[in-house]
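Chains A and B, in that order, give the protein sequences.
Here the first sequence stands for residues 548 to 746, numbered as in this note's numbering.
Here the second sequence stands for residues 548 to 746, numbered as in this note's numbering.
There are 2 protein chains.
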Amino acid sequence: MRRITVLRLFHRVGRDDRVTVHVALTARAFGASGVMISGDRDDGLIGSIRRVTEQWGGPFEVDFVEDWEGYIRDRKAAGDVLVHLTMYGVSLLDVLGELRNQLDQRDMVVVVGASKVPRVVYELADYNVAIGNQPHSEVAALAVFLDRLLEGRVFKVEFEGAMLKVIPDPRGKRVLRLRGGNLKSEAWDGDGRGRGLVV
Amino acid sequence: MRRITVLRLFHRVGRDDRVTVHVALTARAFGASGVMISGDRDDGLIGSIRRVTEQWGGPFEVDFVEDWEGYIRDRKAAGDVLVHLTMYGVSLLDVLGELRNQLDQRDMVVVVGASKVPRVVYELADYNVAIGNQPHSEVAALAVFLDRLLEGRVFKVEFEGAMLKVIPDPRGKRVLRLRGGNLKSEAWDGDGRGRGLVV
C-alpha cells in the first residue's frame, strides 16, 4: 500500500490553530504519512505537531507549503490521486472500493479545507468525497475517511521511537515511558490529571 | 434504539470555540440527539449551533449545563449508560458489541472533554473508551465512535424541517432550498464559494 498525505488548506493563525492541530494529529493517528499545511505560515504550530511525534513516535512528516496549487499540480503530475473531502461531494460509500484500488497503486493526497475552498480544488480533485452531506467538521470527515479506507488502522497503529506509550485501562491512565525502545518507567495516573499530554 | 446525548466538558470561550462547534455538528450529523455544553457559558456559541439546526433541520437539542457532575449523576441515576471517550481507555473494538446491546435498552451519554478531565469522570463512566491510544482529537474520536456504533448513520441521516439540502455532486456544490418541505430553488455553485455555509 502506498502513502497518504493530508493537505490542510487556508490555515489562519489564531482562528484555526486548534482545529489544524486536530487535523494533523488525526492524520498521524489514523494512518497518513504526513500533513502539509498551507495558508498562514505558523512555525509554532508546526513545532507543536513535531513535538507530539517526538514524544509519541513516528515517522510522520509535517511541513508548510507556500504554493498549495503548485503542490497539488506537482503531485498530480507525479501520478498521485487527489481526494478532496467536502460535504458537497459524492458519498464515500460509493467510491470506497475504487479508492482502495487506487491506493494499491498510487500515493494519495487528501485535501481538507476551511470554508471557501475555491473551484479549482473541485476541478483538480480526482474525487470530491462526502462523509455524509450535512455540515460537520473536517476533523470528523478525515477521521472517518481514513478509518474506513484503512479499515481501522487507528486501532493497531504502532510508531517508532516513541517515548510514551499508553496501555489501555478501564479506569485511569496507564503510560509507559520508554528510552531507546526499553522501559524506563510505568505510571498509573488515577487522578486523571493531564500532565501536559495532548488530548 | 435509544437516544445518545453528547456532553462536552470544560468549554473555554475563545480557545475552544471552533472545536466545540465541531463537536456539536459532528454529534448532530453522526446521529446523536443533542449536545450539552459545560464550562464557560457561551450563548453565542449555542446560538450558532441552533442556527445550523434551523437551516439544515432537526430535531437536535443543544444546551448549556452549569453543573456537569450533577448532570452525569442524574443521568446515571435515571438508568442511562455513561461512555467517556479518552485515549487512555479500552479499545472501542473490545466493547462495541456490548455498547450496542446497552443502547438497545438504555439512553447513552457520551462525554468528550478537553485536557485535564478529572478522575471522577473516569470513575463515574461505565466505559472509558479509546479510539486508538494515540493523541488526536475529541472530534475525530466522537465521529468514529458514532460511525461505528450506529453503523454509518452519517451516510443516510435525514432531518426534519431543513431549509437546505445537498445533492451529492462529483464536481461542485448542488444545494436545494426548501420551504415547508417543498422545493423553493435549486442552485449549482460551480465556483466553489461558500456563501456563508458552515464547513
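Quick reminder that beta carbons are idealized off the backbone N, C-alpha and C, glycines included.
Check your understanding: Candidates B:G581, B:R718, B:L725: which alpha carbon is nearest M634 (chain A)'s?
Key -> Numbered from 1 along the first sequence, position 87 holds the residue referred to as residue 634 (chain A). Residue B:R718 holds the alpha-carbon nearest to the alpha-carbon of M634 (chain A) among B:G581, B:R718, B:L725.
**Study point:** Which listed residue (B:A625, B:E616, B:Q652) has its alpha carbon closest to that of E670 (chain B)
**Key:** Residue 670 (chain B) sits at position 123 when you count from the first residue of the second sequence. The shortest C-alpha separation from E670 (chain B) is found at B:E616.
Exercise for review: Say whether the region 550–563 of chain A touches the region 576–592 of chain A, bearing in mind that this needs 3 or more beta-carbon pairs closer than 8 Å, one atom from each stretch.
Suggested key: Cβ pair count under 8 Å is three or more, so yes.
Review point. So with Cβ pairs under 7 Å, would you call L572 (chain B) a contact of chain A?
Key: For the purposes of this step, residue 572 (chain B) is identified with residue 25 of the second sequence, where counting begins at 1. When Cβ-Cβ separations below 7 Å define contact, L572 (chain B) makes contact with chain A.
Check your understanding: Counting along the chain, where does the alpha helix (DSSP H) carrying H569 (chain B) start and finish?
Key -> Numbered from its first residue, the second sequence carries residue 569 (chain B) at position 22. Here the alpha helix (DSSP H) through H569 (chain B) covers 564–576.
Exercise for review: With 7 Å as the threshold, decide whether the Cβ of L640 (chain B) is near any Cβ in chain A.
Suggested key: Walking along the second sequence from the start, residue 640 (chain B) turns up at place 93. Chain A contact via Cβ: present.
**Study point:** Span of the alpha helix (DSSP H) around G586 (chain B)
**Key:** By 1-based counting over the second sequence, the position of residue 586 (chain B) is 39. No alpha helix (DSSP H) contains G586 (chain B), which is instead part of the beta strand (DSSP E) from 581–586.
Exercise for review: Tell me whether N729 (chain B) counts as near the ligand MG, meaning its Cβ is closer than 6 Å to at least one heavy atom of that ligand.
Suggested key: Annotation note on the ligand MG: not contained in the displayed structure, which lists no ligands.
Point to revise | Distance, V628 (chain A) Cα to E698 (chain A) Cα | key: Position 151 of the first sequence holds residue 698 (chain A). Position 81 of the first sequence holds residue 628 (chain A). About 19 Å.
Point to revise | Unbroken beta strand (DSSP E) run spanning A677 (chain A), endpoints | key: For this step, residue 677 (chain A) is matched to residue 130 along the first sequence. If you look at A677 (chain A), you'll find it in the beta strand (DSSP E) that goes 674–677.
Point to revise | Under 9 Å (Cβ pairs) to chain B, residues found in the region 667–685 of chain A | key: For the region 667–685 of chain A, the residues whose beta carbon sits under 9 Å from a beta carbon of chain B are, in order, V667, V668, Y669, E670, A672, Y674, N675, A677, I678, G679, N680, Q681, P682, H683, S684, E685.
Review point. Any idea if E685 (chain A) is buried or exposed, counting beta-carbon neighbours within 10 angstroms, 16 or more meaning buried?
Key: In the first sequence, counting from the first residue as 1, residue 685 (chain A) sits at position 138. Residue environment for E685 (chain A): buried (at least 16 other C-beta atoms within 10 angstroms of its C-beta).
Practice item. Check whether the Cβ of P606 (chain B) lies closer than 7 Å to any Cβ atom in chain D. Key: No chain D appears in the structure shown, which is made up of the protein chains A and B.
**Study point:** Cross-chain neighbours of F702 (chain A) in chain B, by beta carbon under 8 Å
**Key:** One-based indexing of the first sequence puts residue 702 (chain A) at position 155. Going along chain B in sequence order, the residues near F702 (chain A) (Cβ under 8 Å) are S638, L639, L640, I678, G679.
Check your understanding: Between the beta-carbon of G605 (chain B) and the beta-carbon of F706 (chain B), is there less than 7 Å?
Key -> As a first step, residue 605 (chain B) must be located in the second sequence, where it is residue number 58. As a first step, residue 706 (chain B) must be located in the second sequence, where it is residue number 159. Less than 7 Å divides the Cβ of G605 (chain B) from the Cβ of F706 (chain B).
Practice item. Ignore the nearest five residues each way along the sequence and tell me which others in D563 (chain B)'s own chain have a CB closer than 7 Å to its CB. Key: In the second sequence, the residue the question calls residue 563 (chain B) occupies position 16. Counting only Cβ-Cβ distances below 7 Å, and skipping sequence neighbours, we find A661.
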